[in-house]
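*Asks:* Okay, here's the structure, questions in a sec.
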Amino acid sequence: MPATVVIVGRPNVGKSTLFNRLVGKKLALVDDTPGVTRDRRPGEAKLGDLSFTIVDTAGLEEAEAESLSGRMRAQTEEAIRQADVVLFVIDARSGLLPIDRSFADLLRRVEVPVILVANKAEGRLGEAGAYEAYELGFGDPVAISAEHGEGLADLHAALAPHVDAFADDEAEADVAVAPDADISEDDEAAAEAAAEAKRRTLPLRVAVTGRPNAGKSTLINSLIGEDRMLTGPEAGITRDSISVDWEWRGRKVKLFDTAGLRRKSRVQDKLEKLSVGDALRAIRFAEVVVVCLDATIPFEKQDLQIVDLVVKEGRALVIALNKWDLIEDRATAWAAMREACDRLLPQVRGVPLVRISGLRSEGLDELMKAVESVHRTWNARVSTSRLNRWLETVLDRHPPPAVSGRRLKIRYVTQVKTRPPHFVVFCSRPEALPESYVRYLTNDLRDRFGLAGVPLRVSLRSGDNPYHDKTERR
Ligand code: GDP
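Position in the sequence shown counted from 1, then plus 14, gives you my numbering.
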């Protein structure tokens with residue numbers, strides 16, 4: 015079943031135009047007369063090699079504008095419930111209106127990934143979206159012109175991880191997520207192995223990011239070879255995101271490259287600032303993000319901010335300690351960095367930390383091995399039976415607390431998604447379960463199933479029938 019992408023936004027930002035652009039034909043239905051009722055429309059969309067179901071919420075526009083009226087809110091919430099990804103559309107020309115902020119407030123509270131789309135940006139894609147758009151808290155806007163078909167490559171890059179993820183989930187779900195009943199653990203292992211074999215035929219999407227001067231360009235150059243980098247596709251494409259196809263030990267890799275990195279190899283601009291927009295673009299493109307640190311000044315504030323972005327975006331992470339060739343007392347430095355890493359980045363406990371020198375091409379094999387390994391973890395699926403056996407033991411060891419005289423009950427746990435692993439815990443009163451207890455469960459889950467280096471999602475639901483919930487979602 016294809017992923018469902020829902021278009022959300024205030025009246026007149028161009029939702030229908032985007033819908034038509036993605037569905038590829040002008041539906042007779044489109045009628046821009048205000049007051050014409052249109053229900054939420056689903057359509058089969060294609061964008062490059064992606065195919066998904068797209069849902070337009072333009073029918074809601076008859077509600078009064080300027081405030082998010084009750085009906086529009088309820089309908090939007092309903093549409094979002096069925097979404098795997100939301101495209102939140104704003105108008106790059108008119109700037110933000112209060113109602114855009116109301117939509118943003120609503121969308122910030124949902125768990126579904128949100129891609130901010132600045133429409134009507136024709137002819138000035140590079141600067142579009144404006145600073146204002148960042149205030150909404152959804153990161154770098156994807157600038158497009160739905161009407162003129164511009165910016166679709168960026169939209170593709172932003173959607174690809176989510177849309178792909180869903181297709182993979184589905185393929186594996188058939189074999190691996192079925193309830194415990196008659197599937198033995200051997201069968202599960204075999205299914206997991208088959209899924210991994212299939213994944214290995216697809217290119218692994220990797221991005222290298224980090225502060226200016228951490229050595230990203232040098233590292234990428236030594237990974238793929240200088241020539242490749244300089245002869246990559248570049249002519250005329252200004253701020254577009256580009257990937258370089260590459261192969262590592264027979265494994266296909268798509269390495270994210272920014273115009274910035276390519277430019278860098280010609281113009282040595284040492285005053286370059288960290289661009290959060292560029293970092294986000296790279297992170298969104300990737301399945302695995304290599305955060306490149308300068309080992310002589312590791313774990314600076316900006317480094318931690320970048321790691322935070324990676325975690326928020328739910329990508330797998332590897333930290334490269336670059337310029338290791340410059341480190342003198344290596345044993346001491348290594349121990350200190352490992353300790354700093356675990357202390358400063360508890361949200362990705364056990365993240366792979368690899369010592370490299372991009373300049374001397376040292377440690378690159380270890381780096382790529384870590385990338386592959388963390389990618390496997392990111393895709394991992396833990397069977398419901400194993401999860402619930404684990405749950406019994408953690409509950410025994412440290413039972414959930416009592417709140418207002420009643421002991422909280424945790425009944426069941428199941429994994430609902432991969433990339434990154436997302437678990438749902440069914441319990442009696444989710445709102446009452448203390449944060450610290452959820453952290454205990456998450457950490458133990460991570461340790462028990464070897465899920466180091468990837469952000470884990472754990473959500474709580476009331477009730478005890480996960481399969482009821484599952485049918486509701488689809
Ligand atoms: P970027 O801004 O992250 O792309 O960084 P660059 O790749 O341009 O590197 C910044 C500076 O660090 C350059 O002077 C590089 O020669 C130097 N550099 C990069 N990697 C290494 C390394 O592994 N060891 C040493 N000693 N220097 C490095």
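We treat Cβ as the ideally placed atom computed from N, Cα and C, and that holds for glycine. Quick caveat, the model's predicted, so the values are computed rather than measured.
(1) For the ligand GDP, is there a heavy atom less than 7 Å away from the beta-carbon of N227?
(2) Is L381 close to the ligand GDP? I mean its beta-carbon at under 7 Å from any heavy atom of the ligand.
(3) Compare the C-alpha of G377 against each of N336, L36, L358 and name the closest.
(4) Tell me which residue opens and which closes the beta strand (DSSP E) that V325 is part of.
(5) Under a three-way DSSP split, which group does Q429 fall into?
(6) Report yes if the C-beta of L269 is less than 7 Å from at least one heavy atom of the ligand GDP; otherwise report no.
(7) Is it right to say V305 is buried, meaning 16 or more other beta carbons lie within 10 angstroms of its own, or is it exposed?
(8) According to the Cβ coordinates, are F437 and R471 closer than 8 Å?
(9) Please tell me whether F299 and A228 are closer than 8 Å, where the distance is taken between their beta carbons.
(10) Assuming R24 and I113 are in contact, meaning their beta carbons sit under 8 Å apart, how far apart are those beta carbons, in whole angstroms?
(11) Whole angstroms is fine: what's the gap from V177's alpha carbon to V388's?
(12) Let me check one thing: in DSSP terms, what residues is G57 bridge-paired to?
(13) Can you tell me which of R462, L120, A160, P127 puts its alpha carbon nearest to the alpha carbon of A135?
(14) Along the chain, where does the alpha helix (DSSP H) that runs through N133 open and close?
(15) Using C-beta distances below 8 Å, list every residue in its chain close to A195, excluding the 5 sequence neighbours before and after it, in chain order.
(16) Please go through the same chain and pick out, in chain order, the residues whose beta-carbon is closer than 8 Å to the beta-carbon of R214, but skip the five residues on each side of it.
(17) With distances taken from CA atoms, which of N26, G151, A171 is nearest D63?
(18) Within the chosen definition, does the stretch 343–352 reach the stretch 318–326 through at least 3 CB pairs nearer than 8 Å?
(19) Which of the three DSSP states, helix, strand or coil, is assigned to V258?
(20) Just curious, the beta strand (DSSP E) that I333 is in, first and last residue?
(21) Quick one: give me the first and last residue of the beta strand (DSSP E) that H389 is part of.
(22) On the criterion of 16 or more Cβ atoms from any shown chain inside 10 Å, does R263 qualify as buried, or is it exposed?
(23) Taking only heavy atoms of the ligand GDP into account, decide whether any of them is closer than 7 Å to the Cβ of T232.
(24) Excluding the five sequence neighbours on either side, which residues of its own chain have a C-beta within less than 7 Å of the C-beta of I238, listed in chain order?
(25) Do you know whose CA, among S375, N393, G151, D461, lies nearest S116's CA?
(26) L340 and L169: beta carbons closer than 8 Å?
(27) Quick one: any contact between the stretch 97–105 and the stretch 450–462, if contact means 3 or more CB pairs under 8 Å?
*Replies:* Working from what's here:
(1) yes
(2) no
(3) N336
(4) Per DSSP, V325 belongs to no beta strand (DSSP E); it is in the alpha helix (DSSP H), 315–326.
(5) strand
(6) no
(7) buried
(8) yes
(9) no
(10) 5 Å
(11) 20 Å
(12) I68
(13) A160
(14) No alpha helix (DSSP H) holds N133; the beta strand (DSSP E) holding it covers 128–133.
(15) Only weak support exists for where A195 lies, its pLDDT of 39 falling under 50; the value from the coordinates is given anyway. So no residue of the chain qualifies.
(16) R265
(17) A171
(18) no
(19) strand
(20) 330–336
(21) H389 -> not in any beta strand (DSSP E); alpha helix (DSSP H) instead, spanning 378–392.
(22) exposed
(23) yes
(24) V258, W260, L269
(25) G151
(26) no
(27) no
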